[in-house]
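*Asks:* Encoded as structure tokens, here's the structure I'll be asking about.
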Amino acid sequence: MLRLTQRRKLILQAPETAGGHAHVSAASGLVRAGQWLHVVADDSLFLASFPLVGEAPGAFQRLLPGELPLEPKSRKAQKPDMEALCLVQGLTGAPHGALLAVPSGSTAVRQKGALIPLAADGSAAGPVREVDFTSLYAQLARELGPLNVEGAAVSGARLRLLNRGNGDEGKDAVVDLDAGRVVRALEAGAPLEADVVRIVRRWELGRAGTVRLSFTDAAPLPDGRIVFTAAAEDTRDAYADGAVMGSAVGVLAPDGTPMFLDGVDAKVKLEGVDARVEGGRIHLLLVADADDPTQAAPLFETVLEGVPA
Numbered sequence: 064m065l066r067l068t069q070r071r072k073l074i075l076q077a078p079e080t081a082g083g084h085a086h087v088s089a090a091s092g093l094v095r096a097g098q099w100l101h102v103v104a105d106d107s108l109f110l111a112s113f114p115l116v117g118e119a120p121g122a123f124q125r126l127l128p129g130e131l132p133l134e135p136k137s138r139k140a141q142k143p144d145m146e147a148l149c150l151v152q153g154l155t156g157a158p159h160g161a162l163l164a165v166p167s168g169s170t171a172v173r174q175k176g177a178l179i180p181l182a183a184d185g186s187a188a189g190p191v192r193e194v195d196f197t198s199l200y201a202q203l204a205r206e207l208g209p210l211n212v213e214g215a216a217v218s219g220a221r222l223r224l225l226n227r228g229n230g231d232e233g234k235d236a237v238v239d240l241d242a243g244r245v246v247r248a249l250e251a252g253a254p255l256e257a258d259v260v261r262i263v264r265r266w267e268l269g270r271a272g273t274v275r276l277s278f279t280d281a282a283p284l285p286d287g288r289i290v291f292t293a294a295a296e297d298t299r300d301a302y303a304d305g306a307v308m309g310s311a312v313g314v315l316a317p318d319g320t321p322m323f324l325d326g327v328d329a330k331v332k333l334e335g336v337d338a339r340v341e342g343g344r345i346h347l348l349l350v351a352d353a354d355d356p357t358q359a360a361p362l363f364e365t366v367l368e369g370v371p372a
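Residue numbers (our numbering): 64 to 372.
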């Protein structure tokens, strides 16, 4: 079982909304870029960015227009539900790469993401552009049924999406998109269409107690493998929250096959992961969602041991 060490809480310099809390609570996607850690939260319209070193408060940058209500039930109904964040390279006009914030697609209002260019030091540089996932998600829903995309990672010629199969009808799946076509659409400011889909594979990850483990995020490794997180949440569908029974960290082989899975030593809902190979070992940074807006999300670190080559 993996031991999680808490590194910091995701405290912000100021609340995103007047009257709100000055922290990230529903942390859902994590990317390390240069000297920065970038986080998307599923109940927010903003990107939160934190210095990689130290515990200085983070700053935020708007990703989508509008305002979300503070009342939890109304906020949940209106949120864009950006659940994943990945680094995209090779974009004209973004020589240092860009972040792609990916929505879940679990309701009709959860189809819009954002593209955020980066500066040389890894900080968010803007201007931010909206990305429309509606056509792509309509195709995936025809293949998979109810969608809940929670992980995204670029690996070689693929942009790999992980669909979280929580609930009675949900299916855990690895979806490979043509990364070149995605990049061309992003450069053109065009919607992502169904023709970017290459392969869709369904997987079962096992259980924590009686509750099924389901994908919650992804991060690429240099050799084509992908680290993923999974959580066991006792819920009937992709909309309602439920009791968290545990989380796990795993690795997908380059062809998308799960090849490693290990539980963590804390009952938290891991929702974001960044992976680095240092000294031959896989070092992870992870964020968790407490499903409680009054609580600041934690940032953890751990090292994966015993992963097959």
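Each residue gets a CB set at the ideal place from its N, CA and C atoms; glycine is no exception.
Determine contact between the region 147–158 and the region 227–238, defined as no fewer than three beta-carbon pairs at a distance below 8 Å.
*Replies:* Segments in contact, no.
*Asks:* Can you find at least 3 beta carbon pairs, one from the region 98–115 and one from the region 176–191, that sit closer than 8 Å?
*Replies:* These segments touch.
*Asks:* How many whole angstroms separate the CB atoms of Glu146 and Pro166, which I take to be in contact at a CB cut-off of 8 Å?
*Replies:* The residue given as residue 146 occupies position 83 in the sequence shown. The residue given as residue 166 occupies position 103 in the sequence shown. Confirmed, Cβ separation roughly 7 Å.
*Asks:* State the Cα-Cα distance for the pair Asp318 and Gly214, rounded to the nearest angstrom.
*Replies:* Locating residue 318 in the sequence shown gives position 255, counting from the first residue. Locating residue 214 in the sequence shown gives position 151, counting from the first residue. Straight-line Cα distance between these residues: approximately 16 Å.
*Asks:* Which whole-angstrom value describes the C-beta separation of Val290 and Ala338, a residue pair presumed to lie in contact below a C-beta threshold of 8 Å?
*Replies:* Along the sequence shown, one-based indexing puts residue 290 at 227. Along the sequence shown, one-based indexing puts residue 338 at 275. Confirmed, Cβ separation roughly 4 Å.
*Asks:* Residues in its own chain within less than 6 Å of His346 by CB, not counting five upstream and five downstream?
*Replies:* Residue numbering aside, residue 346 sits at position 283 when the sequence shown is read from its first letter. Answer for His346: Arg339, Val366, listed in chain order.
*Asks:* Does the region 349–368 come close enough to the region 79–88 to have 3 or more Cβ pairs within less than 8 Å?
*Replies:* Output reads yes: the region 79–88 touches the region 349–368.
*Asks:* I'd like the list of long-range same chain contacts for Arg70, defined as Cβ closer than 6 Å, with 5 residues on each side in sequence excluded.
*Replies:* Counting from one through the sequence shown, the residue named residue 70 turns up at place 7. So the list reads Leu362, Glu364, once near-sequence residues are dropped.
*Asks:* Buried or exposed for Ser137, please, with buried defined as at least 16 other CB atoms from any protein chain shown within 10 angstroms of its CB.
*Replies:* The residue given as residue 137 occupies position 74 in the sequence shown. Classification of Ser137: exposed, given that the 10 Å Cβ count is below 16.
*Asks:* Just confirm the distance between the C-beta atoms of Met308 and Val274, as a whole number of angstroms; I'd bet it's less than 8 Å.
*Replies:* Numbered from its first residue, the sequence shown carries residue 308 at position 245. Numbered from its first residue, the sequence shown carries residue 274 at position 211. Met308 to Val274, Cβ: 4 Å. Contact.
*Asks:* What is the rounded straight-line gap between the Cα of Asp280 and the Cα of Val191?
*Replies:* If you number the sequence shown from 1, residue 280 lands on position 217. If you number the sequence shown from 1, residue 191 lands on position 128. Whole-angstrom Cα-Cα distance: 22 Å.
*Asks:* Who pairs with Val370 in a beta bridge, going by DSSP?
*Replies:* To locate residue 370, count along the sequence shown from 1; it is residue 307. For Val370, which the question treats as bridged, DSSP gives no partner whatsoever.
*Asks:* Does Glu267 come out as helix, strand or coil in the three-state DSSP assignment?
*Replies:* For this step, residue 267 is matched to residue 204 along the sequence shown. Correct three-state label for Glu267: coil.
*Asks:* Quick one: what's got a C-beta closer than 7 Å to Glu118's C-beta in the same chain, skipping five residues either side?
*Replies:* Position 55 of the sequence shown, counted from the start, is the residue given in the question as residue 118. Excluding residues within five positions, the ones whose Cβ falls inside 7 Å are Arg71.
*Asks:* Give a yes or no on whether the minimum CB-CB distance between Ala281 and chain C is below 8 Å.
*Replies:* As a matter of chain content, chain C is missing from the structure shown, which is built from one protein chain.
*Asks:* Using only alpha-carbon positions, find the residue among Gly243, Leu276, Leu284, Pro78 that is nearest to Leu154.
*Replies:* For the purposes of this step, residue 154 is taken as the residue at position 91 of the sequence shown. Out of Gly243, Leu276, Leu284, Pro78, Gly243 has the C-alpha closest to the C-alpha of Leu154.
*Asks:* Would you decide whether Asp286 is buried or exposed? Buried here means 16 or more other CB atoms lie within 10 Å of its CB.
*Replies:* Taking the first residue of the sequence shown as 1, we reach residue 286 at position 223. Asp286 comes out exposed.
*Asks:* In whole angstroms, what is the alpha-carbon distance linking Ser88 and Gly97?
*Replies:* As a working note, residue 88 is residue 25 in the sequence shown. As a working note, residue 97 is residue 34 in the sequence shown. Cα to Cα, Ser88 sits roughly 24 Å from Gly97.
*Asks:* I need the DSSP call for Asp328, collapsed to helix, strand or coil.
*Replies:* The sequence position of residue 328 within the sequence shown is 265, counting from 1. DSSP places Asp328 in coil when its eight states are reduced to three.
*Asks:* Can you tell which of Leu108, Gly343, Val194 has the C-alpha that lies nearest to the C-alpha of Arg247?
*Replies:* Locating residue 247 in the sequence shown gives position 184, counting from the first residue. Comparing Cα positions, the closest option is Val194.
*Asks:* On the three-state DSSP scale, how would you describe Asp195?
*Replies:* By one-based count along the sequence shown, residue 195 stands at place 132. It is a strand residue.
*Asks:* Which residue comes first and which comes last in the beta strand (DSSP E) that contains Glu296?
*Replies:* Translated into positions along the sequence shown, residue 296 becomes position 233. Glu296 -> beta strand (DSSP E) spans 289–297.
*Asks:* By a C-beta neighbour count over all protein chains shown, 10 Å radius and 16 as the cutoff for buried, is Gln174 buried or exposed?
*Replies:* For this step, residue 174 is matched to residue 111 along the sequence shown. Its Cβ being crowded by 16 or more others within 10 Å, Gln174 is buried.
*Asks:* Distance, Cα to Cα, Phe123 vs Val103?
*Replies:* By 1-based counting over the sequence shown, the position of residue 123 is 60. By 1-based counting over the sequence shown, the position of residue 103 is 40. So the alpha carbons of these two residues sit roughly 10 Å apart.
*Asks:* Looking at the structure shown, is Leu75 part of a helix, part of a strand, or coil, going by DSSP?
*Replies:* Walking along the sequence shown from the start, residue 75 turns up at place 12. Note: Leu75 maps to strand in three-state DSSP.
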